[in-house]
Structure formats: C-alpha cells, structure tokens
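In the numbering used here, the protein residues as written are 1140 to 1266.
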C-alpha cells in the first residue's frame, strides 16, 4: 500500500466530512515527523481547498520514542481553540478520545471503538 496516498486520501475524506458539516473537527492519521515532512504541503493544500483551517498537533507530552503528530482539520478557529483547551486540561486523544467526543462530533452512546482508540488496539505501540 502506498502510505503517502493513503494518508492524503484520509485527509481528503476527513476534510469532506468537516466541510460538509458532519464533523466539527477531524484528526489526520498519526504521522511520524518524517511522514509529516513528506505529506504536509499537499495535506494543507487539500484542507485549504475545502475552505478549512488546520493546526499541527505535535504531541510533545508523549514520550519522544512514542511521539507522533497529526493535523487538526476544522472549519472554525474556535473549534481548534476548544480542542486546545481540552489538551490544556491534561487530556490527549492519543490516550483516550472520550474527553474530545463533543469537538469530534462523536455521540457518546455510539462512539465505541473509533478513531485513535481503535488504532491503538490494532497497532499497539512498540510492536
């Protein structure tokens, strides 16, 4: 599988979800610094073509050996600010999505095993 094409395809799909009003905020797939360097310019172009904004989440609170980043995709700056406020409270989607359900437009009753929660199960760290 072409990793670059997969990531850009996911960013396109998430941008469509946000632009269409299905989600307030979307997170790109997890990106190592090397992969981010390879895809960020095209990813940002895709996001901006959908008239959306983006923010790079570096996850500096994760151990360096396990660190990855992702791109936040939103229609409004206040949505990114809401996400960042939750992060300031000590939460990180890399550990649990539950505190972010509202900003990610997840229904708490049906948002079972989604996003990074599922990713962690299928791709455990350091394996």
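All C-beta atoms, glycine included, are put in the ideal place defined by N, C-alpha and C. Small disclaimer: the values here were computed from a predicted structure and weren't measured.
Close CB contacts of residue 1219 within its chain, under the 8 angstroms cut and outside five residues either way in sequence, are with 1164, 1192, 1194, 1211, 1213 (chain order).
Residue 1220 carries a helical assignment under DSSP once its states are collapsed to helix, strand and coil. Judged by DSSP in its simplified three-state form, residue 1208 adopts strand. By the Cβ test, the stretch 1152 to 1172 is in contact with the stretch 1234 to 1245, since at least three Cβ pairs between them sit closer than 8 angstroms.
At a Cβ-Cβ threshold of 8 angstroms, residue 1179 and residue 1155 do not count as neighbours. Nearest in C-alpha terms to residue 1201, of all of 1232, 1166, 1238, 1149, is 1232.
Judged by DSSP in its simplified three-state form, residue 1230 adopts coil rather than helix or strand. Note that the C-beta distance between residue 1230 and residue 1208 is not below 8 angstroms. Between the alpha carbons of residue 1168 and residue 1228 lies a gap of roughly 23 angstroms.
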